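Participant:
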Amino acid sequence: MKLDYLQALKRVDAARGAWVLHGQEPLLEQNLIDAFRSTWQKQDIERQRYDISSVADWKTVFNALNSLSLFSTQLAIEVHGNIKPDASGLKLLKSYLQQDSDNLLLVVMPKQDANSLKSSFFQVMDANGVNVSLVANYPKDRQQILSIEAEKLGIKLANDAWQWLEQHHEHNLLAAKNSLMRVADTFAEVEIIQIEHLYACLQDQSRYSTYDLSDALLNGNLLQSIKIFQYLIASGEPMSLILWSISKEMRLLMQLFEQPQNALQIGIWKTKVSLYQQALRRLSPQRFLTWPQLLIRIDAAIKGMSRENPEHLILQAITEMCGQTLFASQHA
1 MKLDYLQALK
11 RVDAARGAWV
21 LHGQEPLLEQ
31 NLIDAFRSTW
41 QKQDIERQRY
51 DISSVADWKT
61 VFNALNSLSL
71 FSTQLAIEVH
81 GNIKPDASGL
91 KLLKSYLQQD
101 SDNLLLVVMP
111 KQDANSLKSS
121 FFQVMDANGV
131 NVSLVANYPK
141 DRQQILSIEA
151 EKLGIKLAND
161 AWQWLEQHHE
171 HNLLAAKNSL
181 MRVADTFAEV
191 EIIQIEHLYA
201 CLQDQSRYST
211 YDLSDALLNG
221 NLLQSIKIFQ
231 YLIASGEPMS
241 LILWSISKEM
251 RLLMQLFEQP
261 QNALQIGIWK
271 TKVSLYQQAL
281 RRLSPQRFLT
291 WPQLLIRIDA
301 AIKGMSRENP
311 EHLILQAITE
321 MCGQTLFASQ
331 HA
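For the sequence shown, position 126 matches number 126 in the UniProt record's numbering, and the numbering has no gaps at all.
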């Protein structure tokens, strides 16, 4: 059986047999594991944890599943790792699943690729266990998940505040939850949280992020962009992350220039389309010809593969995106 995160949350109390959780959303993984542990505690279910470092470890897991302690009637075994059972392990898994046991095997794995999801282990889980994919690919799903988090904190957000929150965190649910916690503490008396509350609260951190740099670049604000860049460097932000942000915006602008009607399809937020369009009107298409090579040079400089100064090159990229030129000549 395949379930998504929200479906899985509703079935935690009655979970038996074997479940596998996999994905790249730490908030969803932690919430589900916390829900399981809370249920086990309430129901006096003995819990054991195993970390799989080799295929042989699976034999230990299945031996434990079949041997209750004198003081337990039910057992929950939590397994963490990215190593799937081999043929003999799968035989033990199938045997366990056929027993109709009240015990629970909970396997927690990182994100799996398409080939892994077609493996024998996942085929057995799909047919006889529960397979939970910890993803939230659509805005509606992410908002629903974060709405539950907001409800736990006792706050409500206006519709456009939800859009702003997701845009600000670019799909990072854990970071968005942390912001909800911060705004709940800061504006405890406010009935409906608006964008200005989120903005004021998050800006109160007195620091800039790469998202602020992206906004300043798209607005063509050179002085603000340099200020934010200098702050990020001084606060120890990885140069590779700064490059990633600049590279993403450059590539989106180049793609939008080639496909002006496909803004949403190439990954630009609906609320930001006009900002990218304004940036395109400000920039000369000839500039785009130099950008790919400049990004390659920055990457090489960061990795120590050239003698160029990565900070100087990033400053050059910032001025390019703001429609200005750092040097009189590109080769100066």
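Every residue gets a Cβ at the ideal spot worked out from N, C-alpha and C, and that includes glycine. Here the structure is a predicted model, which is why all the values come from computation and not from measurement.
Just to confirm before moving on: does the CB-CB distance between residue 78 and residue 30 stay below 9 Å?
Facilitator: no
Participant: Tell me which same chain residues have a C-beta within less than 7 Å of the C-beta of residue 279, skipping the five on either side of it?
Facilitator: 218, 220, 253
Participant: With distances taken from CA atoms, which of 151, 101, 168 is nearest residue 269?
Facilitator: Comparing Cα-Cα distances from residue 269 to each of 151, 101, 168, the minimum goes to 168.
Participant: Check this for me: beta carbons of residue 136 and residue 80, under 9 Å apart or not?
Facilitator: no
Participant: Distance check for residue 179 and residue 129, CA to CA, integer angstroms please.
Facilitator: Residue 129 and residue 179 have their alpha carbons spaced roughly 36 Å apart.
Participant: What does a CB cutoff of less than 8 Å around residue 265 pick up in its chain, not counting 5 residues either side in sequence?
Facilitator: Cβ within range, chain order: 259.
Participant: Applying the criterion that 16 or more other CB atoms from any shown protein chain within 10 Å of the CB defines a buried residue, is residue 154 buried or exposed?
Facilitator: exposed
Participant: Out of curiosity, what's the CA-to-CA distance linking residue 313 and residue 122?
Facilitator: Within the model, the alpha-carbon separation for residue 313 versus residue 122 is close to 47 Å.
Participant: According to DSSP, which residues form a beta bridge with residue 54?
Facilitator: None, per the DSSP bridge assignment.
Participant: Which class does residue 249 belong to by DSSP, given the choice of helix, strand or coil?
Facilitator: helix
Participant: Where does the unbroken alpha helix (DSSP H) through residue 77 begin, and where does it stop?
Facilitator: Per DSSP, residue 77 belongs to no alpha helix (DSSP H); it is in the beta strand (DSSP E), 75-80.
Participant: Determine the closest residue to residue 26 out of 156, 177, 194, with distance taken between C-alpha atoms.
Facilitator: Checking every option, the nearest Cα to that of residue 26 belongs to 177.
Participant: Which class does residue 32 belong to by DSSP, given the choice of helix, strand or coil?
Facilitator: helix
Participant: Assign residue 116 to one of three DSSP states: helix, strand, or coil.
Facilitator: helix
Participant: What are the start and end residues of the alpha helix (DSSP H) that includes residue 310?
Facilitator: 310-321
Participant: Go ahead and pull the three-state DSSP assignment for residue 218.
Facilitator: Looking at residue 218 - three-state DSSP - the assignment turns out to be helix.
Participant: In the structure shown, what three-state DSSP assignment does residue 149 receive?
Facilitator: helix
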